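Student:
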Amino acid sequence: MSESFLPQVNGVTNSVCRVADHLRTRGHRALILAPGPGPSSYAGFPVVRTPSVPLPGYGSFALGLPSRRLLSAALRAFGPDVVHLASPVLLGGAAVEAARPMALPTVAVYQTDLCGFAARHGIPGAHAFWPLLRQIHAAVDRTLVPSSAARQALAAHGFPRLSLWRRGVDTARFHPRHRDEALRGRLAPGAEVLVGYVGRLSRDKRVDLLAHVARLRGARLVVVGDGPDRARLRRRIPSAVFTGQRTGEELSRLYASLDVFVHTGADETFCQAVQEALASGVPVVAPASGGPLDLVEPERNGLLYDPSSVRRLRLAVGRLIHNGALRRRMAAAARPSVQARTWQVVGDQLLDHYRSVISPGAAAPPRVPLRG
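Residue numbers 1 to 372, in the UniProt record's numbering, belong to the letters of the sequence shown in order.
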């Protein structure tokens, strides 16, 4: 069960697709339950679509509605050995309730900082999401978290049965060999240092901070992605190149053709874009918070900055722009820092988690039933 899936493109969707691909490769069967309209199959597996409504203020995102009857019928017809809950909220809570009468083991993947997302979008009572999320995760057999920072945050809020499960990276798709000098020439005709951002263009990602980067001498800012703030950001940063959303070979070339990758979001539970940039051989500048703390090794493959300081962001990016030797040294260390984290390795780790909850140890802590 996923709170988000194709045609929506985001971290949750990407992770679910990768899990489905791995299950197919390993000869397993799967059923995908997801909200809103979209494809009825993926990787040879059926996709059952559930009712949804547009998320207020983010109309392109389908918010899944709890439909326990539909979920129960789908689970009974399929007969799974384990239920995987991707970033569960409303739909995920209903899936937990549907799985319980069938005694189905449940694994929840914590992937979205919902409270941080709500706060950045000005949704009232953002911190009230913590009790809801804790209730859902207390009812599952195991919660998988993508980073040490996420594990610490959830433990501090009383979430039980936490295990680390990081995200994989496609080391063939994201590779320095995709660097394209012709593309670089078009993006920076004045031979500027290419500084790039890849991700969703929305308020919670704090993409406005890139306006300060764009003004750095010798830099050419490239923004890859789409989202509700795209038009406003284009007006705010007229000197930047906005490519829109890119996938496949185009995205591979864009990543590898950058000189510096910058991330601005301070509420990332993992930050796949940082990992993809590193795999592409690009040094990273990212906030010293959340998932990037596990990925960016300061002075080795990139730099971290105080997420509350625009000055620190400018200094970090400016340092890499104006110090070619440092930039090249960090670029050489970038790919080796993540190249062992393939989706095959990470997928097999997930299968081990499944096996553990299907045949749990006698000392496993009890799940807490969801309250009505």
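Note that CB positions come from ideal geometry on N, CA and C, so glycine has one too.
On a predicted model such as this, the values are computed, not experimentally measured, just so you know.
Is DSSP giving residue 32 helix, strand or coil here?
Tutor: In this structure, residue 32 counts as strand in the three-state DSSP scheme.
Student: Would you identify the three-state DSSP class for residue 84, choosing helix, strand or coil?
Tutor: Residue state, collapsed to three classes: strand.
Student: Straight-line CA distance for residue 237 to residue 214?
Tutor: Computed Cα separation, rounded: 7 Å.
Student: Shortest alpha-carbon distance to residue 306 belongs to which of 250, 209 and 117?
Tutor: Selected option, being the one with the closest Cα: 209.
Student: In the DSSP assignment, what residue or residues form a beta bridge with residue 305?
Tutor: Answer is 287.
Student: Select from 8, 152, 329 and 294 the residue whose C-alpha is nearest the C-alpha of residue 341.
Tutor: Cα-wise, what sits closest to residue 341 is 294.
Student: Based on the DSSP secondary-structure assignment, which residues constitute the bridge partners of residue 220?
Tutor: In the DSSP output, where bridge partners are listed per residue, residue 220 has 194.
Student: Between the stretch 275 to 291 and the stretch 313 to 330, do three or more beta carbon pairs fall short of 8 Å?
Tutor: Yes, they touch.
Student: By the three-class DSSP mapping on this structure, what secondary structure does residue 92 have?
Tutor: If DSSP states are grouped into helix, strand and coil, residue 92 belongs with the helices.
Student: Spatial neighbours of residue 352 within its chain, please: C-beta separation below 7 Å, excluding the five flanking residues on both sides.
Tutor: Answer for residue 352: no residue qualifies.
Student: Could you give the distance in angstroms between the alpha-carbon of residue 344 and the alpha-carbon of residue 179?
Tutor: Cα to Cα, the separation comes out at about 25 Å.
Student: Pop quiz: residue 373 and residue 112 are said to be a contact at Cβ under 8 Å. What is the actual Cβ separation, rounded to whole angstroms?
Tutor: Because the chain in this structure spans residues 1 to 372, residue 373 falls outside the shown range and cannot be described.
Student: Give me, in chain order, the residues of the same chain whose beta-carbon lies closer than 6 Å to that of residue 261; leave out the 5 immediate sequence neighbours on both sides.
Tutor: Here the set comprises 196, 277, 282 and 284.
Student: Between residue 207 and residue 229, how many whole angstroms is the CB-CB distance? I'm expecting something under 8 Å.
Tutor: Sure, about 6 Å apart at Cβ, within 8 Å.
Student: Please classify residue 152 as buried or exposed, where buried requires at least 16 neighbouring CB atoms within 10 angstroms.
Tutor: Classification of residue 152: exposed, given that the 10 Å Cβ count is below 16.
Student: CB residue 114 to CB residue 89, shorter than 9 Å?
Tutor: In contact: residue 114 and residue 89 (Cβ atoms closer than 9 Å).
Student: Could you have a look at residue 241 and say whether DSSP puts it in helix, strand or coil?
Tutor: In this structure, residue 241 counts as strand in the three-state DSSP scheme.
Student: In angstroms with no decimal places, state the Cα-to-Cα distance between residue 127 and residue 289.
Tutor: Their Cα atoms are separated by approximately 18 Å.
Student: Under 8 Å by Cβ, that's how I've got residue 386 and residue 6 pegged, so tell me the actual separation to the nearest angstrom.
Tutor: Since the displayed the chain opens at 1 and closes at 372, residue 386 lies outside it and no answer follows.
Student: Which ranges does the alpha helix (DSSP H) cover as unbroken runs of at least 4 residues, wholly within the stretch 111 to 144, from first to last along the chain?
Tutor: The stretch 111 to 144 contains these whole alpha helix (DSSP H) runs: 114 to 120 and 129 to 138.
Student: Leaving out five residues before and five after residue 176 in sequence, what residues of the same chain have Cβ atoms less than 7 Å from its Cβ?
Tutor: So the list reads 256, 280, 281 and 335, once near-sequence residues are dropped.
Student: With a threshold of 7 Å on Cβ separation, who are the neighbours of residue 354 within its own chain once the five nearest residues in sequence on each side are excluded?
Tutor: Correct list, in chain order: 82 and 107.
Student: Do residue 185 and residue 225 have their C-beta atoms closer together than 9 Å?
Tutor: Not a contact, by the Cβ cut-off of 9 Å.
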